[in-house]
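Chains as they are written, first to last, in the numbering used here: chain X, 126 to 273; chain R, 107 to 548.
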Amino acid sequence: MHKGRSPDEAERPQMSGPGSRRTLVAAIILAALLMSHPRHRWADLRRYLDDTLSPALSEVARPGTGEHVLPLPVQAMLALLRGHGVNSYRVSAKITADPLIYQRIVESAWPIRPDRTATWYITFATEALPASCRSLDRQDDVVLARCP
Amino acid sequence: MWYSLAVLSLAWPYLAGAGALPAMLHRARPPHSEVATFQFFAAVWSFGLCLNYLLLLVFGQLSLVIGIGASLAIVMGVSALWQWHERFRRPRRLTSWALAAGLLLACLVAIVLDPLNDWDARSIWFFHGKMIFFSGGLSPATGLGLNIGYADHAEYPMLVPGMAAEIAYVVGFWNEYLPKFALVLLLPVPILAVLSLRNTPRSMLIAIFAFTAIPGSYLLNGSMDGYLAVYAGAAALFLVDWLEGGGDETLLAAAGALGVVGGLKLEGQVLYLALGLSLILLTSFAHARLHWPRYITMALALMPFTGYIAWHVLQHRWALPGEGYKLANAWPRIFKPGALWQIAEGALLDQRVLAASLVLGSVVGFLRLRRRPLRSATWIPLLAGLLYLAGMFAIFAMTGSDLSWQLRTAANRVARSGAILLLIAAVVALREYERSDACVTS
């Protein structure tokens with residue numbers, strides 16, 4: 126078994142000079158081309174600059190921004206929960222059954238926690254409220270109710 | 107915005123200073139070549155990431171973690187700079203560093219200015235970060251393991267969620283942009299790994315392909331799969347460098363990258379097994395010679411794994427739920443050719459694995475045409491890649507979830523680490539040819 130330092134990099138053959146630099150630049154360009162068709166990349170870049178970068182620059186350093194990526198019903202639920210100073214909530218069966226809505230509201234509303242015993246109840250307007258519940262507010266198709 | 111940028115820019119000296127611990131204790135001469143410098147800085151950065159993770163798991167409270175981390179970073183960073191101030195006075199070739207800085211800046215814009223939108227990133231990784239931020243730290247009160255109505259995998263490692271929470275803590279708020287800066291802080295190691303191939307441009311081309319096309323959008327969107335793949339690739343590359351006599355800094359760089367692998371995702375454990383087994387097989391059967399490091403280096407090389415161990419201890423103490431993989435689930439599938447084919451198609455015949463195999467096959471064919479033998483070190487990433495893919499096959503067979511759903515949602519992502527290891531084997535094989543070719547022509 127060998128112990129201690131081995132022959133160092135300086136002793137190894139090194140490629141340098143304009144030839145290797147040209148190969149390096151060609152390698153980088155080729156790698157970029159391999160990833161996708163340049164025309165698609167250009168279209169993506171234009172879309173990115175117009176639709177993503179400009180709004181992001183104005184939002185990046187502000188608290189709570191970027192939630193426009195959430196589904197619209199989730200944005201409505203967030204507005205209702207925050208508007209009423211809710212600490213914990215439960216949701217209707219239809220919301221629970223839809224992972225796209227349920228997972229998004231759980232993670233985006235945190236630290237407002239989901240709790241099966243909570244008195245605040247969120248449901249879609251198309252669903253019937255449980256007998257003991259009283260509708261308090263509505264935003265778009267989402268209803269916030271109180272169920273004592 | 108300028109305040110947030112100024113605060114976030116402190117993360118660079120914070121992690122570099124925290125990573126200076128091995129540099130100080132090691133008391134080695136500063137790296138003596140450009141390639142060794144890249145490897146050394148990769149070791150420093152990954153040690154910084156691992157030490158920060160360990161502090162989070164040990165102290166829990168964010169204010170304490172950042173306070174202790176910053177104090178350590180200042181003391182160790184200043185000491186390391188003082189120790190090597192002669193070195194830093196001399197100007198070196200700056201092209202590679204400028205290229206790395208430009209690439210980091212481009213990635214910073216692409217990552218941070220795109221709000222969190224990926225499913226796993228929102229439901230798991232950055233959700234855990236948000237939990238840690240709002241509870242002020244990582245503790246039983248964070249909310250991990252609560253019945254929230256879906257599987258948020260509270261047992262998943264916390265290296266990136268922890269950094270996301272720290273970032274939100276220092277800027278003072280949570281939004282869907284800035285916590286993603288944690289991903290940017292993971293980029294220096296893979297960039298330095300690619301730059302360490304600067305003297306062998308053809309193998310560097312394959313490495314650029316491996317470190318960009320294989321992880322793809324998973325480097326930007328907040329899922330950990332892309333970073334697991336690039337860190338697996340970087341670790342394998344540094345491990346081979348060490349086996350080929352690269353010195354202590356390559357062993358520390360490999361250990362640091364592996365430490366990060368264990369802090370990213372549970373599949374990191376499969377990578378540990380795959381790389382460990384391939385190393386054992388190679389030293390046992392191919393009589394590969396190990397370049398034993400000094401005792402202090404060996405001790406330091408264990409440090410990056412302390413976060414991985416500490417998280418397992420906390421998981422046990424907090425009784426966090428585990429994944430639903432059981433051997434009993436695999437038995438019925440073993441006797442069903444349809445199920446086996448389904449797993450093979452998802453995990454092994456992934457397009458990235460096929461592309462990587464094609465590249466590796468082409469390189470091996472080229473070397474055979476030139477009558478050049480494969481170096482034994484090439485077998486490390488190759489065997490590790492094959493073992494990892496075999497491990498993934500077994501894990502999918504053991505899933506307690508619906509197999510089709512599991513394969514559809516996960517196979518494409520986890521196969522990337524296997525694909526990148528196959529490409530690193532191609533890099534190592536071609537690099538040796540380029541070195542010997544340079545010797546012949548010079």
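Backbone N, C-alpha and C fix where the C-beta goes; we use that ideal spot for every residue, glycine too.
Just so it is clear, the structure is predicted and the values come from calculations on it, not from any experiment.
{"Check": "Between F240 of chain R and A274 of chain R, what straight-line distance do the alpha-carbon atoms span, to the nearest angstrom?", "Outcome": "9 angstroms"}
{"Check": "In terms of residue numbering, what span does the beta strand (DSSP E) encompassing W245 of chain X cover?", "Outcome": "W245 to F249"}
{"Check": "What are the start and end residues of each continuous alpha helix (DSSP H) run of 4 or more residues lying completely inside the stretch 291-374 of chain R, in chain order?", "Outcome": "294-301, 307-318, 331-349 and 354-370"}
{"Check": "Looking at the strands, I want to know which residues DSSP matches up with R263 of chain X.", "Outcome": "X:V268"}
{"Check": "Among all the DSSP beta bridges, which residues are the ones paired with V470 of chain R?", "Outcome": "None; V470 of chain R has no bridge partner."}
{"Check": "Across which residues does DSSP place V216 of chain X in a beta bridge pair?", "Outcome": "X:I247"}
{"Check": "In three-state DSSP terms, what is H397 of chain R?", "Outcome": "strand"}
{"Check": "Please report the distance separating the alpha-carbon of K554 of chain R from that of S507 of chain R.", "Outcome": "In the structure as shown, chain R starts at 107 and stops at 548, and residue 554 of chain R therefore has no counterpart that could be examined."}
{"Check": "CA-CA distance, I174 of chain R and F249 of chain X?", "Outcome": "48 angstroms"}
{"Check": "Identify the contact partners of G255 of chain R in chain X, using a Cβ-Cβ distance below 9 angstroms as the criterion.", "Outcome": "V216, T221, Y227, Q228, V231, P239 and R241"}
{"Check": "Take S523 of chain R and list the residues in its own chain whose beta-carbon comes closer than 7 angstroms to its own, dropping the five residues that flank it on each side.", "Outcome": "L334, A335, A338, E373, L377 and Y494"}
{"Check": "Applying the 10 Å Cβ sphere with the 16-neighbour rule, what's the burial state of F441 of chain R?", "Outcome": "exposed"}
{"Check": "Going by DSSP, which residues form a beta bridge with R238 of chain X?", "Outcome": "X:S213"}
{"Check": "Kindly indicate which three-state DSSP category G444 of chain R falls into: helix, strand or coil?", "Outcome": "helix"}
{"Check": "State yes or no: is the C-beta of I238 of chain R within less than 9 angstroms of the C-beta of A204 of chain R?", "Outcome": "no"}
{"Check": "So if DSSP puts T190 of chain X in a beta bridge, which residue, or which two residues, is it bridged to?", "Outcome": "DSSP output for T190 of chain X lists no bridge partner at all."}
{"Check": "How big is the Cα-Cα spacing for G166 of chain R and T244 of chain X?", "Outcome": "32 angstroms"}
{"Check": "For H127 of chain X, which residues in the same chain have their Cβ closer than 6 angstroms to its Cβ, ignoring the five residues on either side in sequence?", "Outcome": "Note that H127 of chain X has pLDDT 39, beneath the 50 cutoff, so the model's placement of it is unreliable and no number is given."}
{"Check": "Roughly how many angstroms separate the alpha carbons of E136 of chain X and G328 of chain R, rounded to a whole number?", "Outcome": "Annotation note: pLDDT 40 at E136 of chain X (below 50); position unreliable, coordinate value reported separately. Near 41 angstroms, if we compare the C-alpha coordinates of G328 of chain R and E136 of chain X."}
{"Check": "How about A341 of chain R and V300 of chain R: do their beta carbons lie closer than 9 angstroms?", "Outcome": "no"}
{"Check": "Which two residues bound the contiguous alpha helix (DSSP H) that contains E140 of chain R?", "Outcome": "E140 to F165"}
{"Check": "Going by DSSP, what residue range makes up the alpha helix (DSSP H) through H422 of chain R?", "Outcome": "T412 to R423"}
{"Check": "Pull the bridge partners of T403 of chain R from the DSSP assignment, please.", "Outcome": "None, per the DSSP bridge assignment."}
{"Check": "Report the residues of the stretch 175-196 of chain X with a CB closer than 8 angstroms to any CB of chain R, ordered along the chain.", "Outcome": "T177, L178, A181, L182, E184, V185, A186, R187, P188, G189, T190, G191, E192, H193 and V194"}
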